[in-house]
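Report on one structure; see the data block that follows.
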Amino acid sequence: MIKVRELRKSYGKHEVLKGIDCTIHQGEVVVVIGPSGSGKSTFLRCLNRLEEPSSGEIMFEGRPVVEKQSELNSIRQKMGMVFQHFNLFPHMNVMENLTLAPRKLKKLSRASSEELAIGLLKAVGLEDKKHAYPNSLSGGQKQRIAIARSLAMEPDVILFDEPTSALDPEMVGEVLDVMKGLARRGMTMVIVTHEMGFAREVGDRLLFMDGGKIVEEGKPRDIFEKPGHPRTKEFLSKVL
Ligand code: ADP
Ligand code: MG
1 MIKVRELRKS YGKHEVLKGI DCTIHQGEVV VVIGPSGSGK STFLRCLNRL EEPSSGEIMF
61 EGRPVVEKQS ELNSIRQKMG MVFQHFNLFP HMNVMENLTL APRKLKKLSR ASSEELAIGL
121 LKAVGLEDKK HAYPNSLSGG QKQRIAIARS LAMEPDVILF DEPTSALDPE MVGEVLDVMK
181 GLARRGMTMV IVTHEMGFAR EVGDRLLFMD GGKIVEEGKP RDIFEKPGHP RTKEFLSKVL
């Protein structure tokens, strides 16, 4: 579904991604771990061109992710993204947050976009919140709404950048449960997270990034039990 070759990204003289190669298959849950500053967010943001790669190639569903604006829009519709800080529209209620993009970009009618939204709210267990504004929701509820909003565009893959890092501990589980449900239904997901239990349980493949490179990848269980690279070993000894 996504094929990345020799991806590099620099900010000025600082090279943050130093040649990333990776393939993400349909239905796969790929978990990305690594120390702060290793380039995890930059990698995700290059995939959907929130950041402009300095060089390299990204193919999505067989087509290059190029800079042409028209194609960018269609790529971003098919590649959802969920952020650490939710990024809901604060001046819109939940229903408006969920229906805006489907109406504007998919040209759905108000009625069908609302029907879609209700179904998604049920799926994330927040049907009773459709008239609520984001600032009245808990962090866990905001993140579940953000996931529902991403699903409203019927993406082929969802990129998650530390979706539970800003949450109080008691709310982490409800968000991970929604993500587990998506995994069970075969959604392709790339997830940057520090939740190692989740990574082990749900991840089909683990990528360990350090210093702008993928240092090690494999089945989460294998890597947790027997890290092959000293840097992976050192990182895991701190977080496990
Ligand atoms: P991670 O998500 O793994 O913590 P990031 O991808 O956010 O890492 O950042 C990798 C490196 O790139 C860090 O050194 C960070 O300071 C730098 N960086 C990220 N975004 C920018 C930016 N917009 N301008 C300059 N440097 C940046
Ligand atoms: Mg990050």
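Residues 1 to 240 in the UniProt record's numbering are what the sequence shown lists, from first letter to last.
Beta carbons: idealized from backbone N, C-alpha and C, even for Gly.
Here the structure is a predicted model, which is why all the values come from computation and not from measurement.
### Task
May I ask you to check if the CB of Gly37 is nearer than 6 Å to at least one heavy atom of ligand 1?
Proximity of the beta carbon of Gly37 to ligand 1 is indicated: a heavy atom of the ligand is located closer than 6 Å.
### Message
Taking the straight line between their C-alpha atoms, what separation do you get for His194 and Ile33?
### Response
7 Å
### Coarse secondary structure for Lys180, derived from DSSP in three states
helix
### Message
Going by the DSSP bridge assignment, what does Asp161 pair with across the sheet?
### Response
Val192
### Task
For Thr232, collect the residues of the same chain with a Cβ closer than 7 Å to its Cβ; drop the 5 residues on either side in sequence, then sort them by chain order.
Phe208, Val215, Glu216 and Ile223
### Query
Quick one, are the C-beta atoms of Ile158 and Met189 less than 7 Å apart?
yes
### Query
How many Å lie between Lys122 and Thr164 at the Cα?
21 Å
### Message
Quick check on the burial criterion: 16 or more other C-beta atoms within 10 angstroms. Buried or exposed for Gln26?
### Response
Exposed is the call here.
### Message
For ligand 1, I want to know if Lys238 counts as a neighbour, meaning its beta carbon is within less than 6 Å of at least one of the ligand's heavy atoms.
### Response
no
### Task
Measure the alpha-carbon distance for Ser41 versus Ser112 and round it to whole angstroms.
34 Å
### Task
Counting only the same chain and skipping the five closest in sequence on each side, list residues whose C-beta sits under 8 Å from that of Lys129.
Here Lys129 has Val94, Leu121, Leu137, Gln141 and Ile145 as same chain residues with Cβ atoms under 8 Å from its own Cβ, once five neighbours each way along the sequence are excluded.
### Message
Just verifying my parser: in three-state terms, what is the DSSP assignment at Val82?
### Response
strand
### Task
Return yes when at least one heavy atom of ligand 2 lies under 6 Å from the C-beta of Lys40, else no.
A distance criterion of 6 Å places the beta-carbon of Lys40 in contact range of ligand 2, judged by its closest non-hydrogen atom.
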